[in-house]
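Trainee:
Protein chains: 4
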Amino acid sequence: MPDQFDPTPDDRFSFGLWTVGHRGHDPFGAPTRPPIEPEEITARLAEVGAWGVALHDEDLIPYGAERQERDRIVKRFRDAVRSAGLVVPMTTVNLFTQPVFRDGAFTAADPAVRRHALAKTMAAIELAAELEAPVFVLWGGREGIESGAARDPRLALERYREALDFLCEFVRSQQLELRFALEAKPNEPRGHLYLPTTGHMLHFISTLAHPEMVGVNPEMAHEAMAGLSFHQAVGQALWAGKLFHIDLNAQYGPRYDQDFRFGAEDLKEAFLTVALLERAGYQGARHFDCRAYRSEDDADVYASFALGCMRNYKILASKARVFDGDPEFLEARREAGAEQLSEPTPPYSQQEADRIRAADHAAGIDVGRGRRHERADQLMVELILGAAE
Amino acid sequence: MPDQFDPTPDDRFSFGLWTVGHRGHDPFGAPTRPPIEPEEITARLAEVGAWGVALHDEDLIPYGAERQERDRIVKRFRDAVRSAGLVVPMTTVNLFTQPVFRDGAFTAADPAVRRHALAKTMAAIELAAELEAPVFVLWGGREGIESGAARDPRLALERYREALDFLCEFVRSQQLELRFALEAKPNEPRGHLYLPTTGHMLHFISTLAHPEMVGVNPEMAHEAMAGLSFHQAVGQALWAGKLFHIDLNAQYGPRYDQDFRFGAEDLKEAFLTVALLERAGYQGARHFDCRAYRSEDDADVYASFALGCMRNYKILASKARVFDGDPEFLEARREAGAEQLSEPTPPYSQQEADRIRAADHAAGIDVGRGRRHERADQLMVELILGAAE
Amino acid sequence: MPDQFDPTPDDRFSFGLWTVGHRGHDPFGAPTRPPIEPEEITARLAEVGAWGVALHDEDLIPYGAERQERDRIVKRFRDAVRSAGLVVPMTTVNLFTQPVFRDGAFTAADPAVRRHALAKTMAAIELAAELEAPVFVLWGGREGIESGAARDPRLALERYREALDFLCEFVRSQQLELRFALEAKPNEPRGHLYLPTTGHMLHFISTLAHPEMVGVNPEMAHEAMAGLSFHQAVGQALWAGKLFHIDLNAQYGPRYDQDFRFGAEDLKEAFLTVALLERAGYQGARHFDCRAYRSEDDADVYASFALGCMRNYKILASKARVFDGDPEFLEARREAGAEQLSEPTPPYSQQEADRIRAADHAAGIDVGRGRRHERADQLMVELILGAAE
Amino acid sequence: MPDQFDPTPDDRFSFGLWTVGHRGHDPFGAPTRPPIEPEEITARLAEVGAWGVALHDEDLIPYGAERQERDRIVKRFRDAVRSAGLVVPMTTVNLFTQPVFRDGAFTAADPAVRRHALAKTMAAIELAAELEAPVFVLWGGREGIESGAARDPRLALERYREALDFLCEFVRSQQLELRFALEAKPNEPRGHLYLPTTGHMLHFISTLAHPEMVGVNPEMAHEAMAGLSFHQAVGQALWAGKLFHIDLNAQYGPRYDQDFRFGAEDLKEAFLTVALLERAGYQGARHFDCRAYRSEDDADVYASFALGCMRNYKILASKARVFDGDPEFLEARREAGAEQLSEPTPPYSQQEADRIRAADHAAGIDVGRGRRHERADQLMVELILGAAE
């Protein structure tokens, strides 16, 4: 059913090697899909209309590979990406799989582990440069605890900050254009992770020596695991000028990290997110960090899962254009206060304070008038359902 | 059973008028306890060993009261506080009960509502000054949405920031010593609140014109509603130098805001929090923002509920002294890496980077050695249970 | 915008007096809407296309009203219902608002409270009979605990069972047609409620003396508060022949009871629920147990909120007809195993057991073949979004 | 620190091979501990004071093993169990790891998969008989969905019921004493599992042909994942005479399945559970279904993790004896209604109904008297903390 919602590279959709290449294993089950070469994944992504392919260092290069093998692998992959007509919009470093990081990487108690994490990240940054990736994601999957008995969270944050400052200096010393995007998650695989939400990450960035080099990579499923609104997290990141990357997927509330196909859950939040990204003119990758159900085979990973992610984004984006352009919707939202909210509160001055306090503002407000949110929301729901277009 | 755990004013325990004075109503039930005068509450708090009493403007002064009545009320209350030997360590403003704030206060779409919120807050700040309260809490109970249809979160945050900047200037203009403490909550009474966790608040503060005047007031139940670790939230606030106040209570995970007696749930997190506060030398109020079960009468509100909060803190604090002083515990925590984590990672330099990368740090790490967290945690649990003292 | 999705009485939509009549108060806020007479509510419901109106005893008759006043009120309401052309498909008893029930009704420790609860329920059953309501809902809003210190759950369940057995005998003695529908909720207003989900209720019913008289009333928001799938709860109730009533609304996962407009959250679960109800030929009321946002006025309560609930049901029902009738959807679901699942497993016999064990069934199964759930789900999502009709 | 809390076989503590033998892998990390032979695990369990060892078929016998190899393995294990002085109180079948079960076992759409599941379970039942295990647990880890598009939950439950009826007949035909214990879980590894809580399981059992052969195996972490009270789940199972087995561990609310050391989280719920089990005279295994943190090595798996589970049970059990025996506690609980609740409500009769309705019971109830739950709870908390013994 090729139609207007089928993706093209102009849509800037990207997938990680670890997403479409996921083999279907989980904590209770063995892999269900055979391994696939990165080059094969890249070719298939191009076929279904993706624009970019992202990766962890270990998605491509086995942990501990010798330099020569590593170079051969990177060259082969670069050629494959180029011949597929894709780009590498983001890379990242895996600091969570190997047993050496079992109790943290940048926040490991053992200084040798912290140094090893820095060394691995520096190597991954060089890989990013070779692949011309403009964004480097850091997800601290092991930066946390199961028990607070032997950890003071202040020390852990101090070590975390040192690591980021170190890496920023490294990037500067190499004169790379690379920007970091930090990804938060509340828990899993650790009991509690440090910097559990995008809000905590944004604060952490404000404490760095080079905050301008560091932004966030909010992930839809991760915010949902804390019961938080994803589009509000994205909104706070955009407001702060810090939306350097985004991970789109789906999740059914607080539970294990599901990483479902984008659009598979919470269509309202998905719509609000797409509408906000499009309205804000976000220029980065629309990246899908998710994986097909374990029950699926490779054919459906591309034809249904990957294509579905991209189609759902485009379907929602086309509705967002109606939402932000059609007079009926604009009027309903105006009635519910959308425009009023853009009117600033005046800055402080003695006169302004006096004026505000003298006037009985409460007296002039019609507290009986409804705010019309039910109407605006119902119209939006009918737009999402395709009943109001 | 008066014993070493019974509170004294030196312990700096405080309660809000709205806590011990809560009448037991809930969304499905009528009040079960009669109203009590603030002066009576104050006297009873003194009797059970509290140090301070906190309040919202409306806990004391009816909304819309005339100046004369207001002054009379304030005077009577000041006298009562003084004669009871208490202090007022914190006050706050109620921007959530009145219908005028039904769709926000500082983030209301209607500019008149925002001005009214500022006026009400300025009046409450004057009350704070009269009561010599050093901390002014702001909890934005209505700053949020049920539906994102007619709200761009970026605009809401912009309005929120303006309000805080305005209020900081007001405090400066009045040459008050007052500091603000912002309290986050993920939801309830709104579907999603802006700035839903302490992490989001800390970031928000970094965007203000006078960040040095503004800190946070983390609440145990509110962080638990997002499934987050409270002692980690407190840790991030302490690390940032922003723990201006704290709200202690208890909550059984993500659900309605329970505000149970401190120590009534999650004894491990309660212990870790007390241990962190004591270790950090926190000097502010140990404030309990909770209320007795609806089934209780006034006698038990003081004799069991309020006394219980304070006793539980002291019991845990006495265990914290063992935890941070007894050689067995220190050794177990040391073995689990507690001290190693305080060793800094060296700052970046070309040489340091080269050194880190040249050395095969992974090779020198014994990945088979257990980190001993189970042992440290089990010892801590036995300490909490009183089986290891 | 009158169209095919506007409701008519044939659609069997009903609302409680307490839903459209809700005054907008919440734990942190005063009422925002004026009270409305039950007769006025009834007339307005008829105007917007509803079929039925439901009620608690106290929605109509003040607690403690004298017999004469009560009879006058009931007569006036019956006349209003009749003249509006509505029916009363369900009534219930309020065993949660009054302080007397602060620690339970049927499971109260005090036997006098339990007897009072029975008396109140018998009176409410007589009201049900007068209003010709065929279903009597029981929601045990106070049947639970905050603390298990003084409650053995086995005793509470025993008292609960006795109460139901008593009430069934009462209905039989009165030769009424009335059937009971039990409504589960995990928590709020109590810390933990007994019989927290529809599954627990179904088990409880199996222990009664007259299980045939008692079914369930699953509520969408309540199941979502425990993170459970609502359509699976409805499915288990239908499978057991126990779906006597249903409460439709919306909820954003584990948090306070939101009771949003049906369709306002989780459109996928809403669709699956509607599709299941329609497929199963459910003949009961499509009842909406929800309330408009506190920010709304009375006009929007009917024009947007109540109408929205009903329109969303009809929009989803029209999609369900496509889902269950269109060859493309049936084929996609067939490929994903929908039909195979209806093939029974043979009952036990020695021969069957031998046959099963002899054959190497695993050998004949193509474990590499995808189950096509991603394709079926993506098609369903596009149907919900109106992109695949 | 050998003391009164160190376990002995009389305490009836058991562990699964998969618990102490867990290798520390998780969805984001490779194994951190080497594999250990079942015989070695058995010996070590005996050393630390356990009474029993439990297992899945595949914990012992590789999937697809030939008969001869299988018999050799079983014999070796039986000998090891005997020489260690342990028993096998429970076995179970793994219907979740192999790809063949990727979309269900008893509820798989493919009838061949369902038959394979039955065959595998019959083989595992024979193993149970050889090991003289009196209880056979069934956990349907794959019995669920990620998407409801192609699954009618009624059909799935029908297939599930058929499987259980088949297996009961098989056990009867073999004249075994074996009883089944069904284990519920709300989600993970599937998006939504059928029969998600102990309540759903209890209902399901009531629909079987031989309900007397089937009980439940409630797991603490699984109920906590749905935010439910574990001791209430255990209470409902005991009330129904269906507590055939129990899985003790710890979990921090709704999130991924943590399976922490018993006592590591929620000490209050752990205490209430132990108190209920001891009070009810539960005679089954005190089984720990949990695993050590991934950061630990084998030494601590036994010395801290396994020993900690057992010690925490015994510490709590010793407190439970005080709770149920000491006059101060009994009096505080009596005041809070603990005894009153055991007074039955009279059964229905016309006279009783008349009597109840005639009397104004509400008039005789002192609604102002507190129920003293705060006091009972605070005393219990102090008992848990070791401050009130």
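Residue numbers (the working numbering), protein chains in the order written: chain A, 612 to 1000; chain B, 612 to 1000; chain C, 612 to 1000; chain D, 612 to 1000. Beta carbons are placed, not taken as given, at the ideal position from N, Cα and C, and that holds for glycine.
Below 7 Å between beta carbons is the criterion; list the residues of the region 670-696 of chain D that meet it against any residue of chain A, in chain order.
Mentor: The residues in question: there are none.
Trainee: At which residue ranges does the region 852-929 of chain D contain complete alpha helix (DSSP H) runs of 4 or more residues, listed in the order of the chain?
Mentor: 878-891
Trainee: Which residues in the same chain as residue 929(C) place their Cβ atom closer than 8 Å to its Cβ, once the five residues preceding and following it in sequence are excluded?
Mentor: Counting from one through the third sequence, the residue named residue 929(C) turns up at place 318. Around residue 929(C): 615 and 616.
Trainee: Using alpha carbons as the reference points, say which of 678(B), 908(B), 751(B) and 667(B) lies closest to residue 1006(B).
Mentor: Any answer about residue 1006(B) is impossible in this case: the structure gives chain B only from 612 up to 1000.
Trainee: Report yes if the C-beta distance between residue 728(C) and residue 760(C) is below 9 Å; otherwise report no.
Mentor: Counting from 1 along the third sequence, the entry for residue 728(C) is found at position 117. Counting from 1 along the third sequence, the entry for residue 760(C) is found at position 149. Contact flag unset, no.
Trainee: Rounded to whole angstroms, what's the CA-CA distance from residue 555(D) to residue 707(A)? Just pull it up for me.
Mentor: This structure cannot settle anything about residue 555(D), because the visible part of chain D is limited to 612 through 1000.
Trainee: Exposed or buried, what is residue 619(B) when buried is set at 16 or more other beta-carbons lying within 10 Å of its beta-carbon?
Mentor: Taking the second sequence and counting its residues from 1, one reaches residue 619(B) at position 8. Result: exposed.
Trainee: Would you please verify whether the beta carbon of residue 818(A) is less than 9 Å from any beta carbon of chain B?
Mentor: On the first sequence, residue 818(A) is found 207 positions in, with the first residue counted as 1. Closer than 9 Å to some Cβ of chain B, the Cβ of residue 818(A) qualifies, so yes.
Trainee: Taking its Cβ as the centre, do 16 or more other Cβ atoms sit within 10 Å of residue 686(A), making it buried, or is it exposed?
Mentor: Reading the first sequence from its first residue, position 75 is the one you call residue 686(A). Exposed, since its Cβ has fewer than 16 Cβ neighbours within 10 Å.
Trainee: Is residue 656(D) helix, strand or coil when you go by DSSP?
Mentor: On the fourth sequence, residue 656(D) is found 45 positions in, with the first residue counted as 1. It is helical.
Trainee: Among the residues of its own chain, which have a CB less than 8 Å from the CB of residue 676(A), if the five just before and after it don't count?
Mentor: Here residue 676(A) corresponds to residue number 65 of the first sequence, with the count starting at 1. Here the set comprises 684.
Trainee: Taking CB distances under 9 Å as the criterion, tell me whether residue 909(B) reaches chain C.
Mentor: Taking the second sequence and counting its residues from 1, the one referred to as residue 909(B) is at position 298. Judged by the 9 Å Cβ criterion, residue 909(B) is not in contact with chain C.
Trainee: Are residue 952(B) and residue 730(A) closer than 9 Å when you measure CB to CB?
Mentor: Residue mapping note: residue 952(B) aligns to position 341 of the second sequence, counting from 1. Residue mapping note: residue 730(A) aligns to position 119 of the first sequence, counting from 1. Not a contact, by the Cβ cut-off of 9 Å.
Trainee: According to the Cβ coordinates, are residue 791(B) and residue 746(B) closer than 9 Å?
Mentor: Taking the first residue of the second sequence as position 1, residue 791(B) is located at position 180. Taking the first residue of the second sequence as position 1, residue 746(B) is located at position 135. The answer is yes: Cβ separation under 9 Å.
Trainee: Counting only Cβ pairs nearer than 7 Å, list the residues of chain C close to residue 708(B).
Mentor: What you label residue 708(B) is simply residue 97 of the second sequence in a count that begins at 1. What residue 708(B) touches in chain C: 639, 640 and 641.
Trainee: So, are the CB atoms of residue 699(B) and residue 735(B) less than 9 Å apart?
Mentor: Within the second sequence, numbered from 1, the residue matching residue 699(B) stands at position 88. Within the second sequence, numbered from 1, the residue matching residue 735(B) stands at position 124. Taking 9 Å as the Cβ cut-off, residue 699(B) and residue 735(B) do not qualify as a contacting pair.
Trainee: Take the Cβ of residue 784(A) as the centre, count every other Cβ of all protein chains shown within 10 Å, and call the residue buried at 16 or more, exposed below.
Mentor: Looking up residue 784(A) in the first sequence gives position 173. Residue 784(A) is exposed by the Cβ-count criterion.
Trainee: For residue 750(B), which of helix, strand or coil comes out of DSSP?
Mentor: For the purposes of this step, residue 750(B) is taken as residue 139 along the second sequence, with counting starting at 1. Note: residue 750(B) maps to strand in three-state DSSP.
Trainee: Thinking just about the alpha-carbon of each residue, which of 628(C), 772(C), 933(C) and 840(C) is nearest to the one in residue 802(D)?
Mentor: On the fourth sequence, position 191 is the one that residue 802(D) refers to. Of the candidates 628(C), 772(C), 933(C) and 840(C), the one whose C-alpha sits nearest the C-alpha of residue 802(D) is 840(C).
Trainee: Please classify residue 644(A): does DSSP put it in a helix, a strand, or coil?
Mentor: In the first sequence, residue 644(A) corresponds to position 33, counting from 1. Correct three-state label for residue 644(A): coil.
Trainee: Given that a residue counts as buried once 16 or more other Cβ atoms are within 10 Å of its Cβ, and exposed if not, what is residue 758(A)?
Mentor: Position 147 of the first sequence, counted from the first residue, corresponds to residue 758(A). Residue 758(A) should be labelled buried.
Trainee: Closest Cβ-Cβ distance between residue 810(B) and chain D: below 9 Å?
Mentor: The count along the second sequence starts at 1 and reaches residue 810(B) at position 199. False, the Cβ-Cβ gap to chain D never drops below 9 Å.
Trainee: Nearest CA to the CA of residue 669(B): which residue from 739(B), 663(B) and 854(B)?
Mentor: One-based indexing of the second sequence puts residue 669(B) at position 58. Selected option, being the one with the closest Cα: 739(B).
Trainee: Contact defined as beta carbons within less than 8 Å: I believe residue 913(D) pairs with residue 659(D). What is the distance between those atoms, to the nearest angstrom?
Mentor: Residue numbering aside, residue 913(D) sits at position 302 when the fourth sequence is read from its first letter. Residue numbering aside, residue 659(D) sits at position 48 when the fourth sequence is read from its first letter. Sure, about 5 Å apart at Cβ, within 8 Å.
Trainee: Should the region 975-991 of chain A be called in touch with the region 858-865 of chain B, which here means at least 3 C-beta pairs below 8 Å?
Mentor: Between the region 975-991 of chain A and the region 858-865 of chain B there are fewer than three C-beta pairs closer than 8 Å, too few to call the two in contact.
Trainee: How should residue 969(A) be labelled, buried or exposed, when 16 other C-beta atoms within 10 angstroms of its C-beta is the threshold for buried?
Mentor: Looking up residue 969(A) in the first sequence gives position 358. Only exposed fits residue 969(A), as fewer than 16 other CB atoms lie within 10 angstroms of its CB.
Trainee: Taking Cβ positions only, does residue 860(C) come closer than 9 Å to chain B?
Mentor: Translated into positions along the third sequence, residue 860(C) becomes position 249. Taking Cβ atoms only, chain B never reaches closer than 9 Å to residue 860(C), which makes this a no.
Trainee: From the DSSP output, in three-state form, read off residue 949(B) for me.
Mentor: For the purposes of this step, residue 949(B) is identified with residue 338 of the second sequence, where counting begins at 1. Three-state result, residue 949(B): coil.
Trainee: Confirm, please, whether the CB-CB distance from residue 832(A) to residue 868(A) is below 9 Å.
Mentor: For the purposes of this step, residue 868(A) is identified with residue 257 of the first sequence, where counting begins at 1. For the purposes of this step, residue 832(A) is identified with residue 221 of the first sequence, where counting begins at 1. Yes, they are a contact pair.
Trainee: With DSSP collapsed to three states, give me the class of residue 758(D).
Mentor: In the fourth sequence, residue 758(D) corresponds to position 147, counting from 1. Residue 758(D): coil per DSSP, three-state reduction.
Trainee: Could you check where the alpha helix (DSSP H) with residue 723(D) kicks off and where it finishes?
Mentor: Your numbering for residue 723(D) matches position 112 in the fourth sequence. That run of the alpha helix (DSSP H) goes 722-741.
Trainee: Is the beta carbon of residue 851(C) closer than 9 Å to that of residue 814(D)?
Mentor: Locating residue 814(D) in the fourth sequence gives position 203, counting from the first residue. Locating residue 851(C) in the third sequence gives position 240, counting from the first residue. Yes; because the gap between Cβ atoms is below 9 Å, this pair is in contact.
Trainee: Helix or strand or just coil, what does DSSP make of residue 982(B)?
Mentor: By one-based count along the second sequence, residue 982(B) stands at place 371. Of the three classes helix, strand and coil, the one that applies to residue 982(B) here is coil, per DSSP.
Trainee: Could you tell me which residues DSSP pairs with residue 792(C) in its beta bridges?
Mentor: Here residue 792(C) is taken as the residue at index 181 of the third sequence, counted from 1. Under DSSP, residue 792(C) takes part in a beta bridge, and its partners are 748(C) and 826(C).
Trainee: Could you check if residue 678(A) is buried or exposed, using at least 16 other CB atoms within 10 Å of its CB as the buried criterion?
Mentor: Within the first sequence, the letter at position 67 stands for residue 678(A). By the 10 Å Cβ count, residue 678(A) comes out exposed.
Trainee: Indicate whether at least one CB of chain C lies closer than 9 Å to the CB of residue 662(D).
Mentor: Taking the fourth sequence and counting its residues from 1, one reaches residue 662(D) at position 51. Not closer than 9 Å to any Cβ of chain C, the Cβ of residue 662(D) fails to qualify, so no.
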